[in-house]
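Asks: The numbers in the sequence shown follow the working numbering, run straight up by one, and end at 316.
Each residue gets a CB set at the ideal place from its N, CA and C atoms; glycine is no exception.
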Amino acid sequence: MDWLSHISQINWFAVALAFISSMAIGFVWYMPAVLGKRWMAAIGKTEEDLKNIGGGAGIWVPMMVAAALTAVLLAVLISKLGLDSALAGGWFALVLALVFRAGGHVIHNGFAGRPTAVTLIDSGHDLLAITVAGAIIGAMA
Numbered sequence: 176m177d178w179l180s181h182i183s184q185i186n187w188f189a190v191a192l193a194f195i196s197s198m199a200i201g202f203v204w205y206m207p208a209v210l211g212k213r214w215m216a217a218i219g220k221t222e223e224d225l226k227n228i229g230g231g232a233g234i235w236v237p238m239m240v241a242a243a244l245t246a247v248l249l250a251v252l253i254s255k256l257g258l259d260s261a262l263a264g265g266w267f268a269l270v271l272a273l274v275f276r277a278g279g280h281v282i283h284n285g286f287a288g289r290p291t292a293v294t295l296i297d298s299g300h301d302l303l304a305i306t307v308a309g310a311i312i313g314a315m316a
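#1: What residue range is occupied by the uninterrupted alpha helix (DSSP H) comprising Arg276?
#2: Could you tell me the alpha carbon to alpha carbon distance between Gly264 and Ser183, rounded to whole angstroms?
#3: Less than 6 Å between C-beta atoms, sequence neighbours within five positions excluded: which residues of the same chain meet that for Ser260?
#4: Given a threshold of 16 other Cβ atoms within 10 Å of its Cβ, counted over all protein chains shown, does Phe267 qualify as buried or as exposed?
#5: Sort Leu179, Ala189, Ile185 by Cα distance to Ala310 and report the nearest one.
#6: Does the pairing of the segment 272 to 287 with the segment 208 to 216 give three or more beta-carbon distances under 8 Å?
#7: Between which two residues does the alpha helix (DSSP H) holding Arg213 run?
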């Protein structure tokens with residue numbers, strides 16, 4: 176578990192910025208004026224449906240924890256690999272996001288019978304958010 180020793184070498188400010196960028200990208204990406212209306216239509220929901228979903232913190236806290244852990248793991252891996260530029264960090268993060276996140280959406284949404292639009296919108300968000308996070312972490316390494 177040598178890679179885990181790199182947690183002491185990561186730039187926590189970069190991790191915080193990567194996390195914040197992920198939240199900001201998600202906020203904009205899923206705004207009704209951007210891709211939110213298309214996404215809602217693809218999942219068969221309306222704005223009113225989504226406003227009436229209970230859960231509050233039960234929805235937001237796990238999502239934020241997952242985004243934070245993604246930023247931390249990216250920082251650990253970028254440190255372990257010695258990537259020290261925005262381009263290197265962003266490229267590495269893009270490949271990870273393409274394989275693991277977009278690939279996961281394709282698998283799970285495909286078996287669930289969800290529309291292709293859901294997979295494309297969610298995968299596009301993940302590709303952009305994780306690539307930007309990796310670029311930030313790489314630039315600040």
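Replies: Quick answer:
#1: Premise fails: Arg276 is in no alpha helix (DSSP H) and is neither H nor E.
#2: 18 Å
#3: Gly313
#4: buried
#5: Ala189
#6: no
#7: 212 to 218
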